[in-house]
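Novice:
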Amino acid sequence: MRNVMGQEQLDVVIILSKENRRYFSNFTGTSGALLITNSDLLLLTDFRYAEQAKDQAPLFEVKQHTGVLQEALGKQLKEMNVRHVGIEDSLTVGFLVGVKKETTTCEFHSIESEVNEIRKIKDEGEIQKIKKGVELCDLAFNHILSFIKPGLSEKEIGLELEYVMKKNGAEGIKANHVIASGERSALPHGAATNRIVNAGEFVKMDIGAVVDGYFSDFTRTVVIGEPNDKQLEIYEIVHKAQEEALNYIGPGKVCSEVDEVARSIIREAGYGENFGHSLGHALGLHIHEKPAMRSTDKSVLEPGMVITVEPGIYLPGWGGVRIEDLIIIREDGYENATKSTKELQVIDPQ
18 MRNVMGQEQL DVVIILSKEN RRYFSNFTGT SGALLITNSD LLLLTDFRYA EQAKDQAPLF
78 EVKQHTGVLQ EALGKQLKEM NVRHVGIEDS LTVGFLVGVK KETTTCEFHS IESEVNEIRK
138 IKDEGEIQKI KKGVELCDLA FNHILSFIKP GLSEKEIGLE LEYVMKKNGA EGIKANHVIA
198 SGERSALPHG AATNRIVNAG EFVKMDIGAV VDGYFSDFTR TVVIGEPNDK QLEIYEIVHK
258 AQEEALNYIG PGKVCSEVDE VARSIIREAG YGENFGHSLG HALGLHIHEK PAMRSTDKSV
318 LEPGMVITVE PGIYLPGWGG VRIEDLIIIR EDGYENATKS TKELQVIDPQ
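Using this note's numbering, the letters of the sequence shown map in sequence onto residues 18 to 367.
1. If contacts are defined as beta-carbon pairs under 8 Å, then residue 21 and residue 128 qualify, I think. What distance do you get, rounded to the angstrom?
2. Which residues in the same chain as residue 36 place their Cβ atom closer than 7 Å to its Cβ, once the five residues preceding and following it in sequence are excluded?
3. Mapping the DSSP letters down to three states, classify residue 217 as helix, strand or coil.
4. What does a CB cutoff of less than 8 Å around residue 293 pick up in its chain, not counting 5 residues either side in sequence?
5. Which one or two residues does DSSP pair with residue 223 in a beta bridge?
6. Do the region 256 to 271 and the region 318 to 334 make contact, defined as three or more Cβ pairs closer than 8 Å?
7. Only counting the same chain, and skipping five residues up and downstream in sequence, which positions put a Cβ closer than 7 Å to that of residue 258?
8. Run through DSSP, which three-state label would residue 245 get?
9. What is the DSSP secondary structure of residue 337, reduced to helix, strand or coil?
10. Counting pairs of Cβ atoms below 8 Å between the region 37 to 46 and the region 54 to 66, do you hit three or more?
11. Do you know offhand how far residue 168's Cα is from residue 215's?
12. Under three-state DSSP, which class holds residue 72?
13. In its own chain, which residues sit with a C-beta less than 6 Å from the C-beta of residue 202, not counting the 5 before and 5 after it?
14. Which two residues bound the contiguous beta strand (DSSP E) that contains residue 207?
15. Which residues mark the beginning and the end of the beta strand (DSSP E) in which residue 155 is found?
16. Leaving out the 5 sequence neighbours to the left and right, which residues in its chain are closer than 6 Å to residue 92 when beta-carbon positions are compared?
17. Near residue 58, which residues of its chain fall below 6 Å by C-beta distance, leaving aside the five closest residues on each side in sequence?
18. Provide the residue(s) that pair with residue 127 in DSSP beta bridges, ordered along the chain.
19. Taking DSSP as the reference, what is the three-state secondary structure of residue 305?
20. Rounded C-beta distance between residue 227 and residue 150? I'm assuming under 8 Å.
21. At which residues does the beta strand (DSSP E) containing residue 342 begin and terminate?
22. According to the Cβ coordinates, are residue 116 and residue 90 closer than 8 Å?
23. Please classify residue 291: is it buried, with 16 or more other beta-carbons within 10 angstroms of its beta-carbon, or exposed?
24. Between residue 326 and residue 243, which are expected to be in contact by the criterion C-beta below 8 Å, what is the C-beta distance as a whole number of angstroms?
25. Which residue wins for smallest C-alpha separation from residue 30, given the options 97, 352, 306 and 71?
26. Can you grab the Cα-Cα spacing for the pair residue 358 / residue 196, in whole Å?
27. I'd like to know whether the C-beta atoms of residue 162 and residue 181 end up nearer to each other than 8 Å.
28. By the 10 Å Cβ neighbour count, where 16 or more other Cβ atoms means buried, how is residue 60 classified, buried or exposed?
29. Using the Cα positions of residue 174 and residue 262, report the straight-line distance between them to the nearest angstrom.
30. Check each candidate in 102, 126, 276 and 300 and name the one with the smallest Cα separation from residue 289.
31. Please classify residue 368: is it buried, with 16 or more other beta-carbons within 10 angstroms of its beta-carbon, or exposed?
32. Since residue 230 contacts residue 39 with CB under 8 Å, what's their CB separation in whole angstroms?
33. If residue 353 and residue 365 are in contact, beta carbons under 8 Å, what's the gap, nearest whole angstrom?
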């Protein structure tokens, strides 16, 4: 970050988002601001988190403020007599107005792309946390195969998955769990409802465990009872699209080109309009980070990037299939952290 400050001629950088606060300082409280200069590290927080901050962020001088954070931050900037200030895009207009009430000499500059660039390469410590999360997803999926049966609701299935992950070490789950059955499996982000699952239906499960702040992401689609020809067709197309993308992916490959490998298979099978999201996305302290494997992202994959590969086909009124693995880009190729089978799992309807 200090290298960025030198290049951009910034006097100070303010870090406010919870993910970036944790990344740069290890502080996990819900309120606070980091101020990084070329010589100092300051963490502003209130009474609730002052002791926690001292324990979690030993490299930072912890300064306890009173009143609202934005006003305290503005006063601190005024005291420091700085002019060029780097800020994240997550800073709200209202918060910035509050800061400016206390200081009128600062010029604010976005550092969002620079922060994304710093965070996109994960070190081995970060990777191990993500891999542990994927292990919990694998464990939950293997358990749920013997749990699912007709008559259960989507919510019951989702709660069981969550229970298994948390019981075995997850500190949380990603917010957008998808448990979608029957015709609802055509919803890419169909959150669990009270809908009852029935024989003859797909059940799509997109889950993720959080370990020490780091997210994982995992999707499998199963069928209750013997699949019909249409279900087999759609599943095999998605499976093939993912396998071809995995055969292509690796360091030096361009995100948009990897996306096209999978997308072309689905398009040539006649379902191009039914695959409307990107092939994958990076993750870490946030469930969706950059880069993304989509047609508009020309980023080059580098060792240390962690990214999902998740093609899907979604047919409104009928159902849908998605298969998702979590990939770590390595010097000599990639490591697939997801171990669960991708063969279509047929759930006994009895």
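Every residue, glycine too, gets a C-beta built ideally from N, C-alpha and C.
Specialist: If we stick to the structure as given:
1. 7 Å
2. 302 and 303
3. coil
4. 205 and 331
5. 195 and 236
6. yes
7. 279, 282, 283 and 328
8. coil
9. strand
10. yes
11. 7 Å
12. helix
13. 219, 221, 336 and 337
14. That residue, residue 207, is in no beta strand (DSSP E); it is neither H nor E in DSSP.
15. Here residue 155 belongs to no beta strand (DSSP E); instead the alpha helix (DSSP H) covers 141 to 161.
16. 119
17. 76 and 77
18. 104
19. coil
20. 7 Å
21. 342 to 347
22. yes
23. buried
24. Their Cβ separation, rounded to whole angstroms, is 28 Å, which puts residue 326 and residue 243 out of contact at 8 Å.
25. 97
26. 18 Å
27. no
28. buried
29. 30 Å
30. 276
31. Outside the displayed span of the chain (18 to 367) sits residue 368, for which this structure offers no information.
32. 6 Å
33. Wrong, their Cβ atoms sit about 28 Å apart, outside the cutoff.
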